[in-house]
């Protein structure tokens, strides 16, 4: 069933700020974050059947914004990759809130583990290390079984240990 | 609930997300007993109001949503044109080209649709199929076509910029999916048809009238 009159505008008004906040935390640049938000809702508008959005609107926007932001991060990583040297954005500064610091740490992990992560891994890194969601919550948002999330997280923790960051990897 | 709420819960409470209705009662109960979460919720509410007040928030307008009735006449017209051996060159609105579900348009620096341009103007192309990740831009250059890109595609983002020269601006946009790997692209091709890339999703022809 297609979008109803005004439904998409209402969805943007209601969930757009959450999408922007999330995109900004991930991509670290306001202009790029607005591009991400507009991209998310442009793609949403082109859905033939918005049933998945209607069922869990905020979870859908979270997932779509995370994906779009990760694409931006990937292109940022390519741009910043002189001789394969990873470069992270600004480190957390004193006074920045814990959520922002967690976002930067999630970005750090994404950069460092780039070649070893697939799309699902990247989503899980963000939802676990930036959002602090439980395995159940992550499973619901990304649409996989909880045990799949558990297996992926176990592997991710192994990768983080291999970076020398210990079990926490510097992330929450 | 002994720990503080996750960020998602605050977003869900501020947006009154119907998809989180099952958990919302427990989250609200926690907020009532946790001053720190109550403060975070209030701060999140204020932050969303500030974001919504940003001009870039209100600048966005939803594109015309895809509806099936709109699709078939376009497909039918295209099929008739192809059967007659002719190419469909003229877009429905100047500066805008709709093909199936895809709308590609020329925009100015502010993102407004441009239906005509003057020589010397700089215009950008915007719009993409849902699954496209990159695009190539083919721009007429004398008797041949210059190949620009690949350019990362984000549908709300301008992905190809052109300085308008006298005469009609004419371009082909070749949208590529994730499987495409156009490592060695020619700088020029004799015709758009001569460029074939594995993993191509769609290609769109778009023209922009130029005055002056």
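Protein chains in written order, with this note's numbering: chain A, 341 to 512; chain R, 88 to 299. Virtual Cβ for every residue (Gly too), placed ideally from N, Cα, C.
The alpha helix (DSSP H) runs of length 4 or more contained entirely in the segment 101 to 159 of chain R are, from start to end of the chain, 108 to 120, 122 to 139, 142 to 146. If you compare the alpha carbons of A:382, A:446, A:478 with that of residue 413 of chain A, the shortest gap goes to A:446. Between the segment 96 to 107 of chain R and the segment 392 to 410 of chain A, the count of C-beta pairs closer than 8 Å reaches three or more; the two stretches touch. Residue state for residue 294 of chain R is assigned as strand, using DSSP reduced to three classes. Residue-level contact by beta carbon fails for residue 479 of chain A and chain R, as no gap is shorter than 8 Å.
Contacts with chain A (Cβ-Cβ distance below 7 Å) from the segment 113 to 147 of chain R involve 134, 135, 138, 139, 143, 144, 147, listed in chain order. Note that the C-beta distance between residue 476 of chain A and residue 486 of chain A is below 8 Å. Here residue 257 of chain R is bridged, per DSSP, to R:294. For the segment 470 to 494 of chain A, the set of positions with a beta-carbon nearer than 9 Å to some beta-carbon of chain R reads 470, 471, 472, 473, 474, 477, 481 in chain order.
Counting every other CB atom within 10 Å of its CB across the protein chains shown gives residue 122 of chain R a total below 16, marking it as exposed. Residue 464 of chain A is positioned such that its CB atom lies closer than 8 Å to that of residue 496 of chain A. Judged by beta-carbon spacing, residue 264 of chain R lies within the 8 Å limit of residue 220 of chain R, meaning their Cβ atoms are closer than that value.
The beta-bridge partner set that DSSP reports for residue 223 of chain R consists of R:261. The way I'd put it, the segment 450 to 469 of chain A doesn't touch the segment 375 to 386 of chain A; fewer than three beta-carbon pairs between them come closer than 8 Å.
Looking at the DSSP output, residue 235 of chain R shares a beta bridge with R:224.
Contact between residue 284 of chain R and residue 191 of chain R fails: their C-beta atoms lie close to 18 Å from each other, not under 8 Å. The Cβ atoms of residue 468 of chain A and residue 481 of chain A do not sit closer than 8 Å to each other.
Contact with chain A is absent for residue 279 of chain R, since none of that chain's Cβ atoms lies less than 8 Å from the residue's Cβ. In this structure residue 238 of chain R is not in contact with residue 360 of chain A, their Cβ atoms being roughly 24 Å apart against a cut-off of 8 Å. Cβ neighbours of residue 267 of chain R within its own chain (closer than 6 Å, five residues either side excluded): 284, 286. Secondary-structure assignment with DSSP links residue 275 of chain R through a beta bridge to R:233. One finds nothing in chain A with a Cβ atom closer than 9 Å to the Cβ of residue 228 of chain R; even the nearest lies about 27 Å away.
Here DSSP, grouped into helix, strand and coil, assigns residue 204 of chain R to strand.
Contact with chain A is absent for residue 237 of chain R, since none of that chain's Cβ atoms lies less than 8 Å from the residue's Cβ. Residue 94 of chain R counts as buried, since at least 16 other C-beta atoms from the protein chains shown sit within 10 angstroms of its C-beta. With fewer than 16 other Cβ atoms inside 10 Å of its own Cβ, residue 278 of chain R counts as exposed.
Judged by their CB atoms, residue 147 of chain R and residue 393 of chain A are not nearer to each other than the 8 Å cut-off. Rounded to whole angstroms, the separation of the alpha carbons of residue 92 of chain R and residue 119 of chain R is 12 Å. Of A:404, A:368, A:384, A:363, the smallest CA-CA separation from residue 349 of chain A is found for A:384.
With a threshold of 16 other beta carbon atoms within 10 Å, residue 462 of chain A meets it and is buried. Setting aside the 5 residues that flank it on each side, residue 443 of chain A is surrounded in the same chain by 365, 366, 470, each with a C-beta closer than 7 Å to its C-beta; the list follows chain order. Residue 195 of chain R does not reach chain A, its nearest Cβ partner there being about 16 Å away, counting only Cβ pairs nearer than 8 Å. For residue 287 of chain R, DSSP records a beta bridge to R:263. Annotation: Cβ neighbours of residue 99 of chain R in chain A (cutoff 8 Å, chain order): 398. Annotated three-state conformation of residue 351 of chain A is helix, per DSSP. Only residues of its own chain outside the window of five on either side were considered, and among them 97, 101 have a CB closer than 6 Å to the CB of residue 131 of chain R, listed in chain order.
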